[in-house]
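Respectively, the protein sequence lines represent chains A and H. In terms of the working numbering, the first sequence is residues 1 to 212. In terms of the working numbering, the second sequence is residues 1 to 212. Where a beta carbon is used, it is the ideal one built from N, C-alpha and C, also for glycine.
Protein chains: 2
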Amino acid sequence: MAASAAEPADDGLVTGSKQRLIQAARDLMTERNTVDFSLQHVAARSGLNAALVKYHFGNKDGFLLAVLRSDIERELKRLELLVALRLSPTEKLTTHIEAMIDVYFRKPYMERLVHHLMHDRGDGPRNEVLAFFVKPLARLERQILQEGIRNGEFKHVDPGFFYHAVGSLCDALIRWHPELWRVWGIAVSDDQRRKYGRFVTGLVLDGVVAKR
Amino acid sequence: MAASAAEPADDGLVTGSKQRLIQAARDLMTERNTVDFSLQHVAARSGLNAALVKYHFGNKDGFLLAVLRSDIERELKRLELLVALRLSPTEKLTTHIEAMIDVYFRKPYMERLVHHLMHDRGDGPRNEVLAFFVKPLARLERQILQEGIRNGEFKHVDPGFFYHAVGSLCDALIRWHPELWRVWGIAVSDDQRRKYGRFVTGLVLDGVVAKR
Chain A
1 MAASAAEPAD DGLVTGSKQR LIQAARDLMT ERNTVDFSLQ HVAARSGLNA
51 ALVKYHFGNK DGFLLAVLRS DIERELKRLE LLVALRLSPT EKLTTHIEAM
101 IDVYFRKPYM ERLVHHLMHD RGDGPRNEVL AFFVKPLARL ERQILQEGIR
151 NGEFKHVDPG FFYHAVGSLC DALIRWHPEL WRVWGIAVSD DQRRKYGRFV
201 TGLVLDGVVA KR
Chain H
1 MAASAAEPAD DGLVTGSKQR LIQAARDLMT ERNTVDFSLQ HVAARSGLNA
51 ALVKYHFGNK DGFLLAVLRS DIERELKRLE LLVALRLSPT EKLTTHIEAM
101 IDVYFRKPYM ERLVHHLMHD RGDGPRNEVL AFFVKPLARL ERQILQEGIR
151 NGEFKHVDPG FFYHAVGSLC DALIRWHPEL WRVWGIAVSD DQRRKYGRFV
201 TGLVLDGVVA KR
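In structure tokens form, the structure reads like this:
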């Protein structure tokens with residue numbers, strides 16, 4: 001197309017190497033089940049020079065922030081659309097929970113990456129994650145909750161407790177995935193992801209007590 | 001008492017230094033909100049020589065396993081007593097959840113310690129944690145669930161999903177405690193612990209949907 005043909009050639013290359021580095025970090029964190037990796041590993045994985053990480057992202061914190069930002073941006077846009085739809089708060093909450101579980105299954109490092117950047121790396125990274133991840137996500141979730149409380153579908157629940165509890169529930173199964181098979185005979189498949197999604201939405205909406 | 005007077009004097013000393021090392025590790029992990037510490041830190045904190053860690057526990061994995069084992073043993077005994085009591089499954093589950101939240105608030109490093117030993121340290125530590133922590137805890141929880149399913153109090157729920165989901169819920173608030181104040185204005189106090197306990201038991205038993 002005319003627009004992309006008009007872009008300078010090295011711009012495409014820059015975007016390409018940025019994306020390849022980000023994808024290499026995702027692959028490493030997913031395979032090793034840890035957020036602890038060196039820039040040398042990323043270089044080897046991506047087939048690019050580790051110096052490019054510094055060139056594009058400044059340092060490892062900047063790099064990790066870029067990975068997380070690119071992970072969450074699309075999800076926040078989808079959630080924003082969902083909140084604006086003409087659906088019941090119960091339908092919105094169910095869809096949101098299923099989407100979060102889906103994200104954690106595709107990106108099992110995400111919750112630990114958030115934790116690492118919020119707790120181990122000082123005020124700069126923490127404030128960035130608060131600004132581009134935690135606060136917007138919490139705000140949109142709170143809108144769904146409040147809508148449901150207003151129209152009588154939901155009980156009154158503390159939105160702060162809810163945010164942490166439900167985020168943690170959505171991540172719980174995948175966070176332990178290397179052990180699930182040993183203990184429970186559960187393989188992390190699409191089928192299990194769907195089953196777990198139904199379990200969590202059932203739990204959050206209605207709990208375990210049988211209704212008589 | 002006669003029994004303890006009959007123990008050799010150095011036995012008391014050994015137990016003393018073991019306990020002091022374990023307590024120093026707990027303090028460090030709680031204050032720093034990480035399971036990553038060196039044996040030098042533990043030595044400095046306990047006022048004992050780092051060589052005593054090797055003497056008592058072999059290596060750092062052995063040391064971490066000893067900390068976790070001493071953390072969980074008392075809780076498993078209490079849970080075993082609870083399961084045997086003449087209470088309804090709902091009362092047992094409520095009490096169990098509140099006890100778990102209480103443990104995580106007192107020992108906020110625990111879930112991460114379990115994760116570290118299960119995922120990052122190879123088969124030996126993983127199998128030990130499975131044997132002395134995960135399997136007994138999961139078995140007792142499953143007993144409560146099955147009792148409730150049998151007598152009609154609970155719906156049928158997957159015990160593996162339940163174990164991970166509820167463990168994760170109990171740990172969710174404290175795992176983020178350094179951030180709670182910034183985002184939510186929630187201070188981690190006894191009062192908040194109790195409120196969170198009521199929130200989680202309410203969620204697990206009945207969910208957020210208002211009953212009409």
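(request) State yes or no: is the C-beta of ALA165(H) within less than 7 Å of the C-beta of LEU169(A)? (result) Taking the first residue of the second sequence as position 1, residue 165(H) is located at position 165. Taking the first residue of the first sequence as position 1, residue 169(A) is located at position 169. Against a cut-off of 7 Å, the Cβ pair of LEU169(A) and ALA165(H) comes out as a contact.
(message) Which runs of the alpha helix (DSSP H) at least 4 residues long sit entirely within the region 112–143 of chain A? Give them in chain order.
(response) Counting only runs of 4 or more, we get 123–129.
(message) If I measure Cβ to Cβ from GLY268(A) and keep anything under 8 Å in the same chain, skipping five residues before and after, which residues do I get?
(response) Coverage of chain A is limited to positions 1 through 212, which leaves residue 268(A) absent and any answer about it impossible.
(message) Suppose you measure from the CA of GLN215(A) to the CA of PHE162(A); what does that come to, to the nearest Å?
(response) No statement about residue 215(A) is possible, as the shown extent of chain A runs from 1 to 212 and does not include it.
(message) Given this structure, state the Cα-to-Cα distance separating LYS42(A) from ALA25(A), to the nearest angstrom.
(response) Sequence index remark: in the first sequence, residue 42(A) carries index 42 (1-based). Sequence index remark: in the first sequence, residue 25(A) carries index 25 (1-based). The sequence as given places Val at residue 42(A); Lys does not occur at that position. Straight-line Cα distance between these residues: approximately 6 Å.
(request) Check the Cβ-Cβ distances between ALA172(H) and every residue of chain A, and say whether any is below 7 Å. (result) Here the question's residue 172(H) lines up with position 172 in the second sequence. Cβ-Cβ to chain A under 7 Å: yes for ALA172(H).
(request) Would you kindly work out how many angstroms separate the C-alpha atoms of PHE63(A) and GLY160(A), rounded to a whole number? (result) In the first sequence, residue 63(A) corresponds to position 63, counting from 1. In the first sequence, residue 160(A) corresponds to position 160, counting from 1. In this structure, the straight-line span from the alpha carbon of PHE63(A) to that of GLY160(A) is close to 29 Å.
(request) Report the rounded CA-to-CA distance for GLY207(A) versus MET29(A), giving the unit in angstroms. (result) On the first sequence, residue 207(A) is found 207 positions in, with the first residue counted as 1. On the first sequence, residue 29(A) is found 29 positions in, with the first residue counted as 1. GLY207(A) and MET29(A): Cα-Cα distance of roughly 33 Å.
(request) Helix, strand or coil for PHE154(H), going by three-state DSSP, please let me know. (result) If you number the second sequence from 1, residue 154(H) lands on position 154. DSSP, read as helix, strand or coil, puts PHE154(H) in strand.
(request) Mind checking the region 199–211 of chain H against chain A and listing, in chain order, the residues whose C-beta falls within less than 7 Å of any C-beta there? (result) If the cut-off is 7 Å between Cβ atoms, the region 199–211 of chain H has PHE199, VAL200, LEU203, VAL204, LEU205, ASP206, GLY207, VAL208, VAL209, ALA210 near chain A.
(request) Please state if the CB of LEU113(H) and the CB of PRO125(H) are separated by a distance shorter than 7 Å. (result) Numbered from its first residue, the second sequence carries residue 125(H) at position 125. Numbered from its first residue, the second sequence carries residue 113(H) at position 113. Contact flag unset, no.
(message) Suppose you measure from the CA of VAL35(A) to the CA of TYR109(A); what does that come to, to the nearest Å?
(response) Locating residue 35(A) in the first sequence gives position 35, counting from the first residue. Locating residue 109(A) in the first sequence gives position 109, counting from the first residue. Their Cα atoms are separated by approximately 7 Å.
(message) Using 7 Å as the threshold, is the C-beta distance between LEU52(H) and SER17(H) below it?
(response) Here residue 52(H) corresponds to residue number 52 of the second sequence, with the count starting at 1. Here residue 17(H) corresponds to residue number 17 of the second sequence, with the count starting at 1. With a cutoff of 7 Å on beta-carbon distance, LEU52(H) and SER17(H) are scored as near each other.
(request) Provide the residue span of the alpha helix (DSSP H) that contains ARG45(H), from first to last. (result) Taking the second sequence and counting its residues from 1, the one referred to as residue 45(H) is at position 45. DSSP places ARG45(H) inside the alpha helix (DSSP H), whose first and last residues are 39–46.
(request) Determine the chain A residues that contact ILE186(H) at a beta-carbon separation under 7 Å, and present them in chain order. (result) As a position in the second sequence, residue 186(H) is number 186, starting the count at 1. In chain order: GLY160.
(message) Which residue wins for smallest C-alpha separation from ARG69(H), given the options ARG45(H), TYR104(H), PHE132(H)?
(response) To locate residue 69(H), count along the second sequence from 1; it is residue 69. If we check each option's Cα against that of ARG69(H), PHE132(H) comes out closest.
(message) Helix, strand or coil for VAL83(A)? Go by DSSP, reduced to three states.
(response) Locating residue 83(A) in the first sequence gives position 83, counting from the first residue. Helix.
(message) Please list, in chain order, the residues of the region 83–104 of chain H that have any C-beta partner in chain A closer than 9 Å.
(response) Of all residues in the region 83–104 of chain H, those with a C-beta nearer than 9 Å to a C-beta of chain A are THR90, LEU93, reading in chain order.
(message) At the 7 Å Cβ level, is GLY16(A) part of the contact set with chain H, yes or no?
(response) Stepping through the first sequence from its first residue, residue 16(A) is reached at position 16. False, the Cβ-Cβ gap to chain H never drops below 7 Å.
(request) Check whether the Cβ of PHE154(H) lies closer than 7 Å to any Cβ atom in chain A. (result) For the purposes of this step, residue 154(H) is taken as the residue at position 154 of the second sequence. Yes, its Cβ sits closer than 7 Å to a Cβ of chain A.
(message) Just verifying my parser: in three-state terms, what is the DSSP assignment at VAL103(H)?
(response) As a first step, residue 103(H) is located in the second sequence; it is residue number 103 there, counting from the start. Residue state, collapsed to three classes: helix.
(message) If you follow the alpha helix (DSSP H) that ALA187(H) is in, where does it begin and where does it stop?
(response) Along the second sequence, read from residue 1 onward, the residue named residue 187(H) stands at position 187. In the DSSP assignment, ALA187(H) falls outside any alpha helix (DSSP H), carrying neither H nor E.
(message) Taking the alpha carbon of ARG141(A) as the reference point, which residue from ASN49(A), LYS92(A), LEU39(A) has its own alpha carbon closest?
(response) Translated into positions along the first sequence, residue 141(A) becomes position 141. According to the sequence as given, residue 141(A) is Glu; it is not Arg. Comparing Cα-Cα distances from GLU141(A) to each of ASN49(A), LYS92(A), LEU39(A), the minimum goes to LYS92(A).
(request) Pick helix, strand or coil for VAL204(H), following the three-state DSSP scheme. (result) What you label residue 204(H) is simply residue 204 of the second sequence in a count that begins at 1. Of the three classes helix, strand and coil, the one that applies to VAL204(H) here is helix, per DSSP.
(message) Here's a check: name, in chain order, each residue in its chain whose Cβ is nearer than 8 Å to the Cβ of GLU20(H), leaving out the five neighbours to either side.
(response) Locating residue 20(H) in the second sequence gives position 20, where the first residue counts as 1. According to the sequence displayed, residue 20(H) carries Arg and not Glu. Once the five neighbours on either side are set aside, the close Cβ partners of ARG20(H) are SER46, GLY47, LEU48.
(message) Can you look up VAL209(H) in the DSSP assignment and give me helix, strand or coil?
(response) The count along the second sequence starts at 1 and reaches residue 209(H) at position 209. In the structure shown, the three-state DSSP call for VAL209(H) is strand.
(request) Please report how far the alpha carbon of ASP27(A) lies from the alpha carbon of ASP102(H), in whole angstroms. (result) Counted from its first residue, the first sequence places residue 27(A) at position 27. Counted from its first residue, the second sequence places residue 102(H) at position 102. Between the alpha carbons of ASP27(A) and ASP102(H) lies a gap of roughly 37 Å.
(request) Would you mind telling me which residues of chain H sit closer than 9 Å to HIS56(A), beta carbon to beta carbon, in chain order? (result) As a working mapping, residue 56(A) is identified with position 56 in the first sequence. HIS56(A) does not reach chain H, its nearest Cβ partner there being about 28 Å away, counting only Cβ pairs nearer than 9 Å.
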